[in-house]
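Since the structure comes first, as structure tokens, the remarks are kept for the end.
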Amino acid sequence: MRLLLALVTLLSSATPSLAAPLAIPASSSWHLQLNGTLQTPNRHVYDIDLYDTSKQTISNLKAQGRIVICYFSAGTWEDWRPDAKLYPKAALGKPLPDWPGERWLDFRRSDVRALLAKRLDMARNKGCNGVDPDNVDGYSNANGLKLTKAQQIDFNRWLAKEAHKRNLSVGLKNAVDLLPQLASHFDFAVNESCYQYNECAGYFLLRSQGKPVFIADYRTYNSKLCSQAKASGYRLQFFKLDLKGVGKPCP
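To convert, take the position in the sequence shown, counting from 1, and add 24; that gives this note's numbering.
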């Protein structure tokens, strides 16, 4: 018995404890760029493409004190990604009207989740501090897969859990109507155009938990919206839709 206890103690001390995902300060300045040569403005958080950004670039950014969030699509299939051929055709839903080569993905399938888990592995192995999984609101779109709200909530919670297992912070992308069920599972939010759709108020749940809310708006700079965002504790920034350059942040 003593030998067994000694062995358990030895193994416990030899196994490093898993650190918590990095907490992102709610006041962080941020840069969002998913296309083109990476620009390097003086911002604290960088939200950049998982596949198109090298491990060395991520390492360099972190050495400069940046927090690196890696973007990938979790809810859609993209025909240009290196792993596109691994997804079964039966898992592909309707095309996204405004995004050629992209189709909704049946996230209920175990084989699909296994492939998405490999993307989280890639994020961890590249050194990303967190992930920005996109298109996690497929159930509310014409997806061709008969996805339900309950299934979407289950999948999004699965994503958050798997990211945390890998010591990655994870953001909720859009999906504002799911915040009551998901706010406690995610570490920050990235939203597109919530002022245009009158849904920004939903993020009070995340702010009440001290978590950052990053809002991208694809219109010209608007000081009135900046005042509203500041009053709510949100970080609002104005971008061109192609996300190739540097946005104009609110002060």
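Every residue, glycine too, gets a C-beta built ideally from N, C-alpha and C.
None of the values given here were measured: they were computed from a predicted structure.
Residues near residue i in its chain [Cβ-Cβ closer than 6 Å; skip 5 each side]
i: Gly257; result: Arg231
i: His209; result: Arg181 and Ala184
i: Thr39; result: Residue placement at Thr39 is flagged as unreliable, the pLDDT there being 37, under the threshold of 50; a coordinate-derived value is accordingly withheld.
i: Leu120; result: Glu126
i: Gly277; result: Examination of residue 277 is not possible in this model, given that the chain is present from 25 through 275 alone.
i: Pro106; result: none
i: Phe212; result: Ile48, Gly195, Lys235 and Pro236
i: Tyr219; result: Leu249
i: Val155; result: Cys94, Ala147, Ala187, Leu192 and Val194
i: Glu223; result: Val200
Contacts around residue i, its chain only, beta-carbon distance under 7 Å, and the 5 residues preceding and following it disregarded
i: Ala166; result: Lys118
i: Ser97; result: Asp158 and Asn159
i: Lys272; result: Tyr245, Gln261 and Phe262
i: Ser164; result: none
i: Glu102; result: Ala108, Gly125 and Glu126
i: Glu216; result: Asn198 and Ala240
i: Asn59; result: Asp266, Leu267 and Lys268
i: Trp104; result: Gly125
i: Thr33; result: Model confidence at Thr33 stands at a pLDDT of 39, short of 50, so the residue's coordinates are unreliable and nothing is read from them.
Cβ-Cβ separation, residue j to residue i (assumed contact under 8 Å), whole Å
i: Gly226; j: Val200; result: 4 Å
i: Arg259; j: Ser52; result: 7 Å
i: Leu192; j: Pro45; result: 6 Å
i: Val214; j: Phe238; result: 5 Å
i: Ala50; j: Lys235; result: 7 Å
i: Asp145; j: Pro112; result: About 20 Å separates the two Cβ atoms, so there is no contact after all.
i: Gln176; j: Leu202; result: 7 Å
Residue i: first and last residue of the uninterrupted alpha helix (DSSP H) it sits in
i: Ala141; result: Ser134 to Lys150
Residues that residue i bridges to, as DSSP identifies them
i: Ala166; result: Answer by DSSP bridge pairing: none, since Ala166 is not bridged.
i: Leu260; result: Ile239
i: Pro273; result: Gln261
i: Leu129; result: Leu116
Neighbourhood of residue i by C-beta, 8 Å cutoff - its chain only, sequence neighbours within 5 removed
i: Leu62; result: Ile72, Thr77 and Thr81
i: Ala141; result: Glu186
i: Gly151; result: Lys79, Ile82, Ser83, Lys86 and Val92
i: Asn149; result: Lys79
i: Leu110; result: Leu139
i: Lys204; result: The displayed chain sequence assigns Pro, not Lys, to residue 204. Hits under 8 Å: Leu229.
i: Arg190; result: Leu144, Asp145, Ala147 and Arg148
Residue span of the beta strand (DSSP E) that contains residue i, given as start and end
i: Leu267; result: No beta strand (DSSP E) holds Leu267; DSSP gives it neither H nor E.
Check your understanding: What are the uninterrupted segments assigned as beta strand (DSSP E) that are 3 or more residues long and contained completely in the stretch 56-122, given in chain order?
Key -> 69-73, 91-97, 100-102 and 116-119
Check your understanding: Which runs of the beta strand (DSSP E), 3 residues or longer, sit entirely within the stretch 154-239?
Key -> 154-158, 193-197 and 212-216
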